[in-house]
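Encoded as structure tokens, the structure appears first; notes follow it.
Numbering (full-length UniProt numbering), first residue to last: 1 to 407.
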């Protein structure tokens, strides 16, 4: 039995059921009878749970539950506490995965000198190739051609590092270089973030209605896979813009200011060896006493990954740019703070402040020098992890880090 699409808001769907004319609201006696929203939702939840259990009870040998966890989607409460089960080693579920498994088996057998296992794997691949199965014929195998060049990237062009690329390089160098060389198509979540950023940059951020209208005017540009997904994300706009407006109103009440020129503050600073650090800060906040705070707006529902010792690498790069004189109107010696602002973060406090920069500046500069050297290199290390297979993760590297391909 396969139960697919176990997403929060989809199954269970707690929207109250009723007839077209709402006759179900006439039950009971007295004014307002039948309006018990909590009772109605509880009844619907019980119905959804009974349906779920009914589906499970029809299974004869095994049950497969599927759900997606991302910035915009969460699994159903029905699967809470159930750990995902990885596929068994060597298992395959399609002709493509069978081909990959046989190719890996053949390579390992050749390396181990196991002629019998190599002969069996090769014979199976020949049969699949004769049947036209993609990837079975050796002519379709990647990596058999000689390496075209071993020249470092920075031998052709100086490295242009961006603050946002530092964490992706830390996560997986292969993911970073593929995005750098081949580019990425972006995703629906990234498109939504771009629209929100432009609304905050170009409109009155203290006015929630104006922000909501600005985002709504461009919402149709996003490519949603289903109408319910679009409706769900559209429903997030009003609470998010209210949170953003409340943040700026509180900021103003505390005496902090954000000038027009301080929004999308762009910079380009030169590093050792001819490399440059380029980027733009979402906005700068100025305290009455002269302190400058860099703020990075994130529209996801989760706190982004960060370096164990240095914290958020993107924020550290912004602070270094100021210290190197990269922001016009901000003196290099200005005291700086750094903050992540996540209006959709699923907790009450939406702002996350970084530790003081002075305590990590020297280590961050060393880390940045190592990152720049890696970006300009000729060899890049793959780190197979969840980000390789997560549909909404940054990067397009999945096929390049699958064990069947790289081992």
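Ideal Cβ placement from N, Cα and C applies to all residues, glycine included.
Residues bridged to residue i (per DSSP)
{"i": "residue 278", "result": "268"}
{"i": "residue 257", "result": "286"}
{"i": "residue 263", "result": "283"}
{"i": "residue 2", "result": "64"}
CA-to-CA distance, residue j to residue i, given in whole angstroms
{"i": "residue 56", "j": "residue 41", "result": "23 Å"}
{"i": "residue 64", "j": "residue 1", "result": "6 Å"}
{"i": "residue 96", "j": "residue 134", "result": "7 Å"}
{"i": "residue 227", "j": "residue 234", "result": "10 Å"}
{"i": "residue 115", "j": "residue 126", "result": "16 Å"}
{"i": "residue 258", "j": "residue 284", "result": "6 Å"}
{"i": "residue 367", "j": "residue 355", "result": "17 Å"}
{"i": "residue 320", "j": "residue 173", "result": "23 Å"}
{"i": "residue 298", "j": "residue 51", "result": "38 Å"}
{"i": "residue 277", "j": "residue 287", "result": "26 Å"}
{"i": "residue 264", "j": "residue 246", "result": "20 Å"}
{"i": "residue 270", "j": "residue 164", "result": "17 Å"}
{"i": "residue 382", "j": "residue 104", "result": "18 Å"}
{"i": "residue 137", "j": "residue 336", "result": "59 Å"}
{"i": "residue 249", "j": "residue 255", "result": "10 Å"}
{"i": "residue 314", "j": "residue 215", "result": "25 Å"}
{"i": "residue 13", "j": "residue 45", "result": "8 Å"}
{"i": "residue 333", "j": "residue 322", "result": "8 Å"}
{"i": "residue 59", "j": "residue 83", "result": "20 Å"}
{"i": "residue 176", "j": "residue 159", "result": "13 Å"}
{"i": "residue 224", "j": "residue 241", "result": "21 Å"}
{"i": "residue 144", "j": "residue 316", "result": "42 Å"}
{"i": "residue 357", "j": "residue 4", "result": "47 Å"}
{"i": "residue 113", "j": "residue 47", "result": "60 Å"}
{"i": "residue 379", "j": "residue 363", "result": "24 Å"}
{"i": "residue 349", "j": "residue 94", "result": "46 Å"}
{"i": "residue 262", "j": "residue 374", "result": "32 Å"}
{"i": "residue 49", "j": "residue 11", "result": "9 Å"}
{"i": "residue 131", "j": "residue 140", "result": "14 Å"}
{"i": "residue 150", "j": "residue 197", "result": "40 Å"}
{"i": "residue 301", "j": "residue 291", "result": "29 Å"}
{"i": "residue 329", "j": "residue 142", "result": "52 Å"}
Three-state class that DSSP yields for residue i in the structure shown
{"i": "residue 296", "result": "strand"}
{"i": "residue 311", "result": "strand"}
{"i": "residue 195", "result": "helix"}
{"i": "residue 63", "result": "coil"}
{"i": "residue 7", "result": "strand"}
{"i": "residue 244", "result": "helix"}
{"i": "residue 75", "result": "strand"}
{"i": "residue 235", "result": "helix"}
{"i": "residue 224", "result": "coil"}
{"i": "residue 98", "result": "helix"}
{"i": "residue 70", "result": "coil"}
{"i": "residue 326", "result": "coil"}
{"i": "residue 382", "result": "coil"}
{"i": "residue 208", "result": "helix"}
{"i": "residue 305", "result": "coil"}
{"i": "residue 114", "result": "coil"}
{"i": "residue 370", "result": "helix"}
{"i": "residue 80", "result": "coil"}
{"i": "residue 203", "result": "coil"}
{"i": "residue 56", "result": "helix"}
{"i": "residue 14", "result": "coil"}
{"i": "residue 291", "result": "coil"}
{"i": "residue 216", "result": "helix"}
{"i": "residue 376", "result": "coil"}
Whole-angstrom C-beta distance between residue j and residue i, which should lie under 8 Å
{"i": "residue 6", "j": "residue 76", "result": "4 Å"}
{"i": "residue 67", "j": "residue 79", "result": "6 Å"}
{"i": "residue 293", "j": "residue 351", "result": "Going by Cβ atoms, the distance from residue 293 to residue 351 rounds to 10 Å, so no, they are not a contact pair."}
{"i": "residue 377", "j": "residue 166", "result": "So it is not a contact: roughly 15 Å between Cβ atoms."}
{"i": "residue 199", "j": "residue 209", "result": "Contact flag wrong, Cβ pair sits at about 12 Å."}
{"i": "residue 304", "j": "residue 243", "result": "Their Cβ separation, rounded to whole angstroms, is 18 Å, which puts residue 304 and residue 243 out of contact at 8 Å."}
{"i": "residue 129", "j": "residue 102", "result": "11 Å between Cβ atoms; not a contact."}
{"i": "residue 372", "j": "residue 238", "result": "Going by Cβ atoms, the distance from residue 372 to residue 238 rounds to 42 Å, so no, they are not a contact pair."}
{"i": "residue 222", "j": "residue 192", "result": "6 Å"}
{"i": "residue 326", "j": "residue 268", "result": "7 Å"}
{"i": "residue 118", "j": "residue 109", "result": "4 Å"}
{"i": "residue 324", "j": "residue 360", "result": "So it is not a contact: roughly 16 Å between Cβ atoms."}
{"i": "residue 229", "j": "residue 369", "result": "Not quite, the Cβ-Cβ distance comes to about 43 Å (not below 8 Å), so this is no contact."}
{"i": "residue 218", "j": "residue 195", "result": "5 Å"}
{"i": "residue 340", "j": "residue 296", "result": "5 Å"}
>> Please give the ranges of any beta strand (DSSP E) in the segment 333 to 366, keeping only runs that are unbroken, at least 3 residues long and fully inside the region.
In response: Listed in chain order, they are 336 to 341, 351 to 353.
>> For a minimum of 4 consecutive residues, which ranges assigned as the alpha helix (DSSP H) are wholly contained in the segment 124 to 174?
In response: As summarised for the segment 124 to 174, the continuous alpha helix (DSSP H) elements at least 4 residues long and confined to that stretch are 165 to 171, given in chain order.
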